[in-house]
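What the sequence shown shows, in our numbering, is residues 326 to 529, in sequence order. Where is the CB? At the ideal position from N, CA and C, for every residue including glycine. Model, not experiment: these values are computed from the prediction. Read through the structure below, which is laid out as structure tokens, and then see the notes.
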Amino acid sequence: MTSAVSNQGMATPQRVPALNRPNVVSVGTIVFLAQELMFFAGLFAMYFTSRANGMQGDWTEHTALVNVPLGIIVTLVLVSSSVTAQFGVFAAERGDVYGLRKWFAVTILLGVIFLGLVAFEWYEMIHHGITIQASVYGSVFYILTGFHMAHVTAGIIAFVVILLRISKSKFTPAQATAAMAVSYYWHFVDVIWIGVFIIIYFVQ
């Protein structure tokens, strides 16, 4: 009798719901992109500070030489590459390896075209005598676009690594996660370029 009462008086243990831990790759990607955002924020601050101090000099003359139609084409190319990268992610989510390879290959191609077009813009600017040593505007122009080109190059390399891993081993959920993380980085680079495009080609 005492045992029965004792058992009835005991509280039934409550089941603790399972905790959904955040994906390590996703968290790492977010932290990395936050760091990169602060880096580019510093570059944007450098641009506007240089602009405020250089308006009395040849800043206006040099900004007039920027090829706006080419800048629009460059931007459309990079935005298109962001779309194709997302199509690759959709393919990865479906387990469609062929679609992932196809869309990531197109993204790589568009990224290379972007780099080529920006390099051509550099050639035009140098041809007009705008160099790092020539003026303040030349310095901030090449630093800002140069660092962005470096990030685009890193993204292209990351896409190539993903394609190589897929071709040499069986497609796994881990590879799909890696493909998504690379696409997040690429979208970030795309958004940063839109900011670069606005301040260089329109704000000037």
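Quiz item: Who are the Cβ neighbours of ILE438 in its own chain at under 6 Å, not counting the five residues just before and after it?
Solution: If you number the sequence shown from 1, residue 438 lands on position 113. Excluding positions up to five away in sequence, the list reads VAL402.
Quiz item: Does the Cβ of VAL399 have 16 or more other Cβ atoms within 10 Å, making it buried, or fewer, making it exposed?
Solution: As a first step, residue 399 is located in the sequence shown; it is residue number 74 there, counting from the start. By the neighbour-count rule (16 or more Cβ atoms within 10 Å), VAL399 is buried.
Self-check item: Supposed close pair ILE487, VAL507 - CB separation, criterion 8 Å
Solution: The sequence position of residue 487 within the sequence shown is 162, counting from 1. The sequence position of residue 507 within the sequence shown is 182, counting from 1. Their Cβ separation, rounded to whole angstroms, is 6 Å, which keeps ILE487 and VAL507 in contact under 8 Å.
Practice problem: To the nearest angstrom, report how far apart GLU446 and GLN500 are at their CA atoms. | Solution: Taking the sequence shown and counting its residues from 1, the one referred to as residue 446 is at position 121. Taking the sequence shown and counting its residues from 1, the one referred to as residue 500 is at position 175. The straight-line gap from Cα to Cα measures roughly 36 Å.
Quiz item: Is the stretch 466–482 touching the stretch 357–369 in the sense that three or more CB pairs, one from each, lie closer than 8 Å?
Solution: yes
Practice problem: Could you tell me the boundaries of the alpha helix (DSSP H) in which SER460 lies? | Solution: By 1-based counting over the sequence shown, the position of residue 460 is 135. Premise fails: SER460 is in no alpha helix (DSSP H) and is neither H nor E.
Exercise. Measure the Cβ-Cβ separation of ALA410 and THR432 and say whether it is below 8 Å.
Key: Along the sequence shown, one-based indexing puts residue 410 at 85. Along the sequence shown, one-based indexing puts residue 432 at 107. In this structure, THR432 lies closer than 8 Å to ALA410 by Cβ.
Quiz prompt | Sequence-distant residues of its chain with Cβ nearer than 6 Å to ASP383 (five each side left out) | solution = Residue mapping note: residue 383 aligns to position 58 of the sequence shown, counting from 1. So the qualifying residues of the chain are SER460.
Self-check item: Inside the stretch 359–431 only - alpha helix (DSSP H) runs reaching at least 4 residues
Solution: 384–388, 393–419
Exercise. Give every residue of the same chain whose Cβ lies closer than 6 Å to the Cβ of ALA483, excluding the five residues on either side of it in the sequence, and list them in chain order.
Key: The count along the sequence shown starts at 1 and reaches residue 483 at position 158. Cβ within range, chain order: VAL507.
Quiz prompt | Spatially closest choice to ASN378 from PHE369, TYR462, MET505, ALA389, by CA coordinates | solution = Here residue 378 is taken as the residue at index 53 of the sequence shown, counted from 1. Selected option, being the one with the closest Cα: TYR462.
Practice problem: Out of GLY454, THR497, LEU440, state which residue places its alpha-carbon closest to the alpha-carbon of ALA479. | Solution: Position 154 of the sequence shown, counted from the start, is the residue given in the question as residue 479. Ranked by how close their Cα comes to the Cα of ALA479, the residues GLY454, THR497, LEU440 have LEU440 in first place.
Self-check item: From ARG376, THR388, LYS427, residue whose alpha carbon lies closest to that of HIS453
Solution: By 1-based counting over the sequence shown, the position of residue 453 is 128. Residue THR388 is the option with its Cα nearest to HIS453.
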